[in-house]
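Chains as they are written, first to last, in this note's numbering: chain H, 1424 to 1855; chain P, 90 to 359.
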Amino acid sequence: MTAVVFGVEFARPAALLVLLVLPALWWWGRRLPAVKERHSGALEIWRALAATLNPGDGRRGRRAPAHLVAALGGVLLAIVALAAPRRAEVAHAPVLVVEVDAGAALVADGDVETGRLARALRSVADIARSLQPRPGAIEWRAPGRPTRATAIGAAPPFEWFRDGADAGVFAPADAPDRLWLVARAPAGLPERAGLVAAGGAAAPGPVAWTKDRWIHGAGGVWNTSPRNEPLGVGFADDAARDAWTGPPLDVVRLWASDRGLQFDDADAEVLLRLAALPPPVRAGDVERDGWSATLVPRDRTEGGGERLGRDVTARSGRAPWLALADGSAVVMADGRGTLALAPGLWSEPRGDPAAFALSWARLLDGALREPDRVLPELARGPMGSPVAIAPQGFGGVAARAAGGAMLSWPQAALALAAAAAFALAARWHGAQ
Amino acid sequence: MGRAERFALRTAAGLRRREGGGRAPRPGADAAFDGLRPYREGDDPRGIDWGLLARSDRAFVRVARREAGETWLVLVDRSASMGIGDPTKLQAASEAALGLAALGVALGAEVLVVGDDGAAPVRCAAPPHIAAVRTALEGRRAAGRAGLDAALARREVHRSARVFAIGDFFGADPLRWCALGRAGRALVLIQVLADFEIAPGAEGEVEIADPEDGARVMLDLDARAAGRYDLELSHWLERWRQSAARRGARHDAASSRVPFEDRLRRLFEP
């Protein structure tokens, strides 16, 4: 148990209870003679002199003896050192950085108790305990994800694995404070970083889908099964229902039917979500892939549509698929299963009618996300033997981290010794 | 043979030599003539009454009054303030008292050593008694607030031909003490002071405590304060010296570090 006081964390806060002894020591020390106490039978002379030299009563309050202050200061430092103070931000700094390959492979078998991820996490916890890190946290890092800190044995951020579509390039650092968490051991093992590879057999399941079947494949063996689970296209909200009209809606319906997707079916797993963008300010022409059309603003969007449009824009960070001459977005895809359209009245597309359909079909195919159960074949394949290697030289990292302590034992011992020496010197001087 | 006995033998021999020369030998009063006795082998030839020898053809020696049963009273202050110093003032006072006892015996006097506690005096009239005096003095500890003033009321003070008072005399009245000095009684005041009481240094912040009543004074003892103290102490000691001189008494003030031999020798010089 630790305690944070004024930005300082004490690893052993119970030691601070010893501070209660200090008032007793102070009281006892004040009962001792003053630093320079002299005895004299000529006190009458001294008293008269004190009245002359020190106007007042000649009996000023006794100052705290220097040796007592020094001794108590040394004891105070020793007690604080015993409580192991650290700057709070240093104390909370992670000891072990776990770099996670948050792709689908670790969760491909879907078994949270005995599956790949569960085994790997147990290995991580075992390694962390063996390293005896400071009380605090394991820092979890993954490409494209915010850093997360947890205690040893606590659950890691599982959502990373369920939301693996945005996983960036896994490029972990080969450092002694790092531990790589992957499904399959890489060809070249790290030199200093630790490695936990879940390993294990193939995880059977769909790797693709068609209009009416699931396609299974793992380790080069392929087969299919009927797809009874409905997949579909749906609206994000009412604003989206208002925005999606005219030729775009028509082409979406036709495309969905061709792909075997239900349209606006509440029972279907939505692979494409239709949303609304803010309406354009003025009318204009749009043109792409050999077709063109005129879009007239129709201010019928609700606030939710505008919000969603900004949300899509912000999340995707992409350029609009279709925009007016003034730059206003007309169609945007976020790459994660959402397609947004600005509300307006569409003219009939000009040019080759097939060009319009093909252009939109490519857009819709690209915007579609995979069903939850579909994982890449690489993630479903066998992962080889499990590997659990602790980082090399992690003790040195821990020692450097411990250097963040505000007061070390040697420093405290030195302070105590100096205080004792000063106290003795002061007492000796006072006794002369 | 201890320091006291060695001191007594040397000092007594010196005194006898000086007395033979007709000089005043002892502190406080002249050696009063008390009579004659037949010369015995070993007597100092200077004590022979040559005039009588010429008239009677028999050798007689002069006998001084002190050698005919004179009583010395040695008062030793053992109040708490005598426990100060290195060596303590009581240690120095006890050594001086023992030296006086030995000297008195060597000179044929009866010596009574008295403390300020009202106890019976320790009598010393012969060399074997010196050990008892030493034992009594060694067993004393500085304590209490009585001081030498309490001894002024003792009977022995008024019956003794010589009174030696040894102490620091802080808080005592010079006039009252020196009034003891009168014709027929010699008074010797031996003041023993600790180094800090004689010459305190500039020590900075100090707390000065009176060991008798525990009273304390805090002050910054710098060179100026030390100088002022030195002046005040000099005035105080001068009052004692003048009071003693007016009543024919002898007075000596010195540190407890000064050997008793030196101090007593000064007092017995003419």
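Note that the Cβ used here is the ideal one computed from N, Cα and C, for glycine as well.
Would you say residue i lies against chain P (beta-carbon separation less than 8 Å)?
{"i": "residue 1553 of chain H", "result": "no"}
{"i": "residue 1824 of chain H", "result": "Confidence in residue 1824 of chain H is poor, its pLDDT being 47 and thus under 50, which makes the residue's placement unreliable; the coordinate value appears in the next sentence. For residue 1824 of chain H, the answer is no, since every Cβ of chain P falls outside 8 Å of its Cβ."}
{"i": "residue 1469 of chain H", "result": "yes"}
{"i": "residue 1816 of chain H", "result": "no"}
{"i": "residue 1454 of chain H", "result": "no"}
{"i": "residue 1432 of chain H", "result": "no"}
{"i": "residue 1491 of chain H", "result": "no"}
{"i": "residue 1473 of chain H", "result": "yes"}
{"i": "residue 1846 of chain H", "result": "no"}
{"i": "residue 1476 of chain H", "result": "yes"}
{"i": "residue 1562 of chain H", "result": "no"}
{"i": "residue 1448 of chain H", "result": "no"}
Does chain H have any CB closer than 8 Å to the CB of residue i?
{"i": "residue 176 of chain P", "result": "no"}
{"i": "residue 170 of chain P", "result": "yes"}
{"i": "residue 321 of chain P", "result": "yes"}
{"i": "residue 259 of chain P", "result": "yes"}
{"i": "residue 353 of chain P", "result": "no"}
{"i": "residue 206 of chain P", "result": "no"}
{"i": "residue 253 of chain P", "result": "no"}
{"i": "residue 115 of chain P", "result": "For residue 115 of chain P, the predicted model reports a pLDDT of 46, less than 50, meaning its position is unreliable; a value from the coordinates is still stated below. Taking Cβ atoms only, chain H never reaches closer than 8 Å to residue 115 of chain P, which makes this a no."}
{"i": "residue 300 of chain P", "result": "yes"}
{"i": "residue 330 of chain P", "result": "no"}
{"i": "residue 234 of chain P", "result": "no"}
{"i": "residue 285 of chain P", "result": "yes"}
{"i": "residue 318 of chain P", "result": "yes"}
{"i": "residue 118 of chain P", "result": "For residue 118 of chain P, the predicted structure reports a pLDDT of 42, less than 50, and the residue's modelled location is therefore unreliable. A value from the coordinates is still provided. Taking Cβ atoms only, chain H never reaches closer than 8 Å to residue 118 of chain P, which makes this a no."}
{"i": "residue 279 of chain P", "result": "no"}
{"i": "residue 304 of chain P", "result": "yes"}
{"i": "residue 308 of chain P", "result": "yes"}
{"i": "residue 347 of chain P", "result": "no"}
{"i": "residue 297 of chain P", "result": "yes"}
{"i": "residue 327 of chain P", "result": "no"}
{"i": "residue 343 of chain P", "result": "no"}
{"i": "residue 291 of chain P", "result": "no"}
Alpha carbon to alpha carbon, how far is residue j from residue i? Give it in angstroms, no decimals.
{"i": "residue 182 of chain P", "j": "residue 326 of chain P", "result": "18 Å"}
{"i": "residue 1380 of chain H", "j": "residue 1548 of chain H", "result": "Here chain H covers residues 1424 to 1855 and nothing more, so residue 1380 of chain H does not appear."}
{"i": "residue 1846 of chain H", "j": "residue 292 of chain P", "result": "18 Å"}
{"i": "residue 104 of chain P", "j": "residue 289 of chain P", "result": "37 Å"}
{"i": "residue 1682 of chain H", "j": "residue 1539 of chain H", "result": "33 Å"}
{"i": "residue 1530 of chain H", "j": "residue 1697 of chain H", "result": "28 Å"}
{"i": "residue 262 of chain P", "j": "residue 204 of chain P", "result": "18 Å"}
{"i": "residue 1508 of chain H", "j": "residue 1552 of chain H", "result": "22 Å"}
{"i": "residue 1580 of chain H", "j": "residue 1542 of chain H", "result": "15 Å"}
{"i": "residue 1479 of chain H", "j": "residue 270 of chain P", "result": "Because residue 1479 of chain H sits at a pLDDT of 48, beneath the cut-off of 50, its placement in the model cannot be relied upon, and the following sentence gives the value as read from the coordinates. Roughly 42 Å between the two C-alpha positions."}
{"i": "residue 266 of chain P", "j": "residue 260 of chain P", "result": "12 Å"}
{"i": "residue 1713 of chain H", "j": "residue 1773 of chain H", "result": "9 Å"}
{"i": "residue 1805 of chain H", "j": "residue 1577 of chain H", "result": "28 Å"}
{"i": "residue 1525 of chain H", "j": "residue 1833 of chain H", "result": "44 Å"}
{"i": "residue 1808 of chain H", "j": "residue 1532 of chain H", "result": "16 Å"}
{"i": "residue 336 of chain P", "j": "residue 251 of chain P", "result": "14 Å"}
{"i": "residue 92 of chain P", "j": "residue 297 of chain P", "result": "35 Å"}
{"i": "residue 97 of chain P", "j": "residue 295 of chain P", "result": "42 Å"}
{"i": "residue 268 of chain P", "j": "residue 353 of chain P", "result": "22 Å"}
{"i": "residue 127 of chain P", "j": "residue 160 of chain P", "result": "24 Å"}
Going by the DSSP bridge assignment, what does residue i pair with across the sheet?
{"i": "residue 1603 of chain H", "result": "H:1522, H:1618"}
{"i": "residue 1475 of chain H", "result": "Answer is none; residue 1475 of chain H lacks a bridge partner."}
{"i": "residue 1744 of chain H", "result": "In the DSSP output, where bridge partners are listed per residue, residue 1744 of chain H has none listed."}
{"i": "residue 296 of chain P", "result": "H:1460, P:307"}
{"i": "residue 1562 of chain H", "result": "H:1520, H:1572"}
{"i": "residue 1752 of chain H", "result": "H:1746"}
{"i": "residue 1710 of chain H", "result": "H:1715"}
{"i": "residue 1761 of chain H", "result": "H:1696"}
{"i": "residue 127 of chain P", "result": "P:149"}
{"i": "residue 161 of chain P", "result": "P:200, P:251"}
Q | Inter-stretch contact at 8 Å, needing at least 3 Cβ pairs: the region 235-250 of chain P / the region 305-324 of chain P | A | no
Q. Is it true that the region 1661-1679 of chain H meets the region 1607-1615 of chain H, where meeting means three or more beta-carbon pairs spaced less than 8 Å apart?
A. no
Q.
Check whether the region 1764-1777 of chain H and the region 1558-1577 of chain H are in contact - that is, three or more C-beta pairs closer than 8 Å.
A. no
Q. Residue ranges of each alpha helix (DSSP H) run of no fewer than 4 residues wholly in the region 167-233 of chain P, ordered along the chain?
A. 178-195, 218-227
**Q.** Contact the region 1778-1785 of chain H vs the region 1497-1505 of chain H: 3+ CB pairs below 8 Å
**A.** no
**Q.** Those runs of the alpha helix (DSSP H) which lie wholly inside the region 1617-1693 of chain H and span at least 4 residues
**A.** 1661-1666, 1669-1682
Q. Taking only runs of the beta strand (DSSP E) that begin and end inside the region 304-344 of chain P, which ones reach a length of at least 3 residues, in chain order?
A. 305-310, 339-344
Q: For the region 1810-1817 of chain H and the region 1639-1651 of chain H, state whether three or more C-beta atom pairs, one from each stretch, are separated by less than 8 Å.
A: no
Q: Taking 8 Å as the threshold, find out whether the region 159-177 of chain P comes into contact with the region 328-342 of chain P through three or more Cβ pairs.
A: no
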